[in-house]
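Worksheet: one structure, shown below.
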Amino acid sequence: MGRITIVPISHKILDFSKILYTLSPGVRKGFDMSFEKEKEIFDNIYQGVDGYSISNRGRSTMDPEDRKFLIYGEISFAELLSIIENSGIKDELKGLTTFCDLGSGTGKCLIGAALICPYFKRIIGVELVSTLYESSLESVQQLAQTKKKLASKIKITNGNFLKLDFAKPSLSPNVVLMHYPIHGTGSEELYLQLEEKFRKELKPGSIIISAIRKLSSSESFPEILSPTHVECKYGNVTIFFHKKV
Ligand SMILES: C[S@@+](CC[C@H](N)C(=O)[O-])C[C@H]1O[C@@H](n2cnc3c(N)ncnc32)[C@H](O)[C@@H]1O
């Protein structure tokens with residue numbers, strides 16, 4: 609359930625999301641055709657935007673200490689749609705208002721969430737790498753050309769999510785996406801810091817969707833659904849769904 613299956617192919621050769629959309633409708637397993645228009649808007653915005661090189665350029669000018677845990681990878685429109693529409697989380701999300709992507713990159717998940725989930729009233733991104741942040745602002749401006757109201761919901765901060773106060777009324781997300789923003793030796797400590805922030809600052813009932821790494825405390829953040837899997841450009845990714853008690 610909720611799984612896009614396709615034989616893994618190196619992203620250097622073929623772009624998975626492009627292949628998915630060129631398959632005949634019957635083969636587009638798990639894809640909701642009613643989002644074709646949204647997918648077209650998304651693709652127009654991101655045509656020619658190479659998040660990997662934008663991230664590399666930004667990271668190369670950062671202090672080595674500040675960039676040591678940073679990694680880049682992205683979730684495409686089809687993958688986000690699959691997570692939201694087919695995993696079983698859809699009904700839980702419908703009652704919630706404020707989506708936040710921690711480490712928002714070029715803004716793909718922000719714009720994707722705005723297009724897929726009209727019930728979100730506010731969509732918040734936080735990105736440390738300034739080149740990615742700037743690129744995400746440009747993409748939101750582009751969205752505003754055709755979908756002004758949706759674009760006006762999106763607010764992005766250039767900064768470190770570990771330093772934000774999630775309890776602040778201007779943030780206070782109740783849906784948090786974490787697409788494996790930090791990695792490497794020592795990153796586990798940062799994840800635990802982040803979980804501590806979630807424990808103190810997120811409202812009970814908030815949903816935390818986490819790719820690759822599940823939250824460590826099953827008491828504070830029980831999983832509410834079985835994990836699902838999406839085939840991202842860089843491999844098969846497990847997605848975990850938690851709810852803060
Ligand atoms: C794997 S990428 C995901 C990008 C985006 N969420 C997506 O799925 O397309 C992780 C992002 O988190 C950012 N990041 C890592 N640590 C951060 C921090 N402490 N504060 C803000 N952004 C951070 C990285 O620069 C990177 O862009």
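Residue numbers 609 to 853, in the numbering used here, belong to the letters of the sequence shown in order.
C-beta: ideal position from N, C-alpha, C; glycine also.
For ligand 1, I want to know if residue i counts as a neighbour, meaning its beta carbon is within less than 7 Å of at least one of the ligand's heavy atoms.
i: Asn768; result: yes
i: Asp671; result: no
i: Ser663; result: yes
i: Glu796; result: no
i: Ser824; result: no
i: Asp709; result: yes
i: Tyr681; result: In the sequence as displayed, the identity of residue 681 is Gly instead of Tyr. Because some heavy atom of ligand 1 lies under 7 Å away, the Cβ of Gly681 counts as near it: yes.
i: Phe677; result: yes
i: Ser712; result: yes
i: Glu735; result: yes
i: Lys808; result: no
i: Tyr660; result: no
i: His787; result: yes
Confirm, please, whether the CB-CB distance from residue j to residue i is below 8 Å.
i: Asn782; j: Lys811; result: yes
i: Cys717; j: Leu785; result: yes
i: Phe685; j: Phe707; result: no
i: Ile732; j: Leu745; result: no
i: Leu723; j: Ile817; result: no
i: Gly715; j: Ser738; result: no
i: Leu740; j: Ser663; result: yes
i: Ser712; j: Glu682; result: no
i: Lys761; j: Arg730; result: yes
i: Glu809; j: Ala775; result: yes
i: Leu710; j: Phe769; result: yes
List the DSSP bridge partners of residue i.
i: Ser818; result: Met786 and Phe848
i: Lys763; result: Ile732
i: Thr706; result: Arg730
i: Glu855; result: Past the edges of the chain, shown from 609 to 853, lies residue 855, and the structure says nothing about it.
i: Val838; result: Val845
i: Glu831; result: His850
Pull up the distance between the alpha-carbon of residue i and that of residue j, whole angstroms please.
i: Cys725; j: Pro672; result: 37 Å
i: Asp674; j: Ile790; result: 11 Å
i: Ser695; j: Lys676; result: 33 Å
i: Gly659; j: Ile832; result: 31 Å
i: Gly720; j: Leu688; result: 7 Å
i: Val759; j: Val853; result: Reading off the sequence shown, one finds Ala at residue 759, where the question assumed Val. Their backbone Cα atoms lie some 31 Å apart in a straight line.
i: Ser825; j: Gly767; result: 26 Å
i: Thr705; j: Glu839; result: 27 Å
i: Asp773; j: Gly792; result: 25 Å
i: Lys841; j: Ile653; result: 19 Å
i: Leu779; j: Gln801; result: 18 Å
Using a Cβ-Cβ cut-off of 8 Å, state whether residue i counts as contacting chain B.
i: Gly733; result: As a matter of chain content, chain B is missing from the structure shown, which is built from one protein chain.
Tell me which same chain residues have a C-beta within less than 8 Å of the C-beta of residue i, skipping the five on either side of it?
i: Lys698; result: Ile692
i: Glu803; result: Leu823, Ser824, Ser825, Ser828 and Phe829
i: Val657; result: Thr714, Ser743 and Ser747
i: Thr754; result: Ile649
Within a Cβ cutoff of 7 Å, which residues of the same chain sit near residue i, ignoring the five residues on either side of it in sequence?
i: Ile820; result: Tyr788, Val845 and Thr846
i: Pro835; result: Thr846, Ile847 and Phe848
Tell me which same chain residues have a C-beta within less than 6 Å of the C-beta of residue i, skipping the five on either side of it?
i: Lys851; result: Ile815 and Ile832
i: Arg807; result: Ser828
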